[in-house]
Ligand code: HEC
Ligand code: HEC
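Spelled out as structure tokens, the structure:
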């Protein structure tokens with residue numbers, strides 16, 4: 019400890035000494051902490067994957083792919099940051115099928131041969147689901163909410179919970195539907211779209 023009556027310069031010298039002495043130790047501790055953290059994460063992943071396998075066998079089929087993350091990893095480097103933006107710019111729904119707006123080709127057949135992209139059929143289906151919700155929600159979040167809440171998927175997954183098919187603010191416990199009527203300028207039909215979009219974002223939320 020620094021003696022209370024030590025001159026300012028003494029204090030500075032002591033602080034410098036302590037910093038130098040512990041810097042190496044600190045580096046070491048951080049490295050060890052990283053190793054421990056990654057081991058723990060790996061273990062956690064292994065156990066949750068097992069738990070998920072167990073639940074998917076009993077419960078209704080549930081997607082294990084996070085379409086938002088998949089889009090970011092596999093498409094985002096060449097395209098818009100958000101899948102919904104790509105969908106609105108390049109795709110459209112024709113008779114319930116998502117097609118390339120320019121050519122009318124089904125999006126699945128485009129992706130089957132597309133700039134080195136390799137997707138399993140589950141992954142393609144997950145992306146199609148993402149584009150579908152992106153097209154149908156028509157940028158309502160961007161229009162009415164993004165100014166204050168930035169990203170729809172991040173905000174929803176962090177702040178909103180689903181219970182018995184209804185959405186609630188995680189912290190306050192307020193039900194979202196009626197709340198949004200007062201909270202924003204979104205119309206009732208826009209709120210319906212938002213709620214559908216949020217349910218989708220929660221349904222596809224990674225379990226870890
Ligand atoms: C390595 C870069 C690259 C990656 C990765 C990539 N794309 Fe593309 N994509 C392109 C280029 C370049 C074009 C425009 C030229 C073309 O149509 O091939 C394009 C065009 C498109 C179009 C519009 C096609 C049209 O005819 O209007 C869609 C839709 C599309 N990509 C979807 C995707 C999706 C979904 C993914 C992720 C699974 C993806 N792309 C990954 C490079 C890429
Ligand atoms: C002008 C800014 C603004 C706009 C626009 C806005 N919000 Fe909010 N919102 C806030 C603020 C501020 C809070 C309170 C923040 C908090 O509780 O941490 C909030 C809280 C919320 C909550 C409760 C979250 C919680 O943790 O309690 C939800 C849900 C919500 N907003 C959804 C929306 C949606 C959906 C839209 C678009 C239809 C929207 N908001 C538009 C500013 C805004």
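In our numbering, the protein residues as written are 19 to 226. We treat Cβ as the ideally placed atom computed from N, Cα and C, and that holds for glycine. Only a predicted model underlies this, so the values are computations on that prediction, with no experimental measurement involved.
The region 139–152 and the region 83–93 touch, with three or more beta-carbon pairs separated by less than 8 Å. The C-beta distance from residue 151 to residue 218 rounds to 5 Å, short enough to fall under 8 Å.
Taking C-beta atoms as the reference points, residue 108 and residue 124 fail to come closer than 9 Å. Remark: the shortest separation between the CB of residue 108 and any heavy atom of ligand 2 does not fall under 8 Å. Residue 166 sits exposed, since fewer than 16 C-beta atoms from the chains shown fall within 10 Å of its C-beta. With distances taken between CA atoms, residue 175 lies nearest to 215 out of 192, 149, 215. Exclusion of the five residues before and after residue 213 leaves 185, 194, 195 as the residues of its chain whose Cβ lies within less than 7 Å of its Cβ. A direct Cα-to-Cα measurement between residue 126 and residue 104 gives close to 15 Å.
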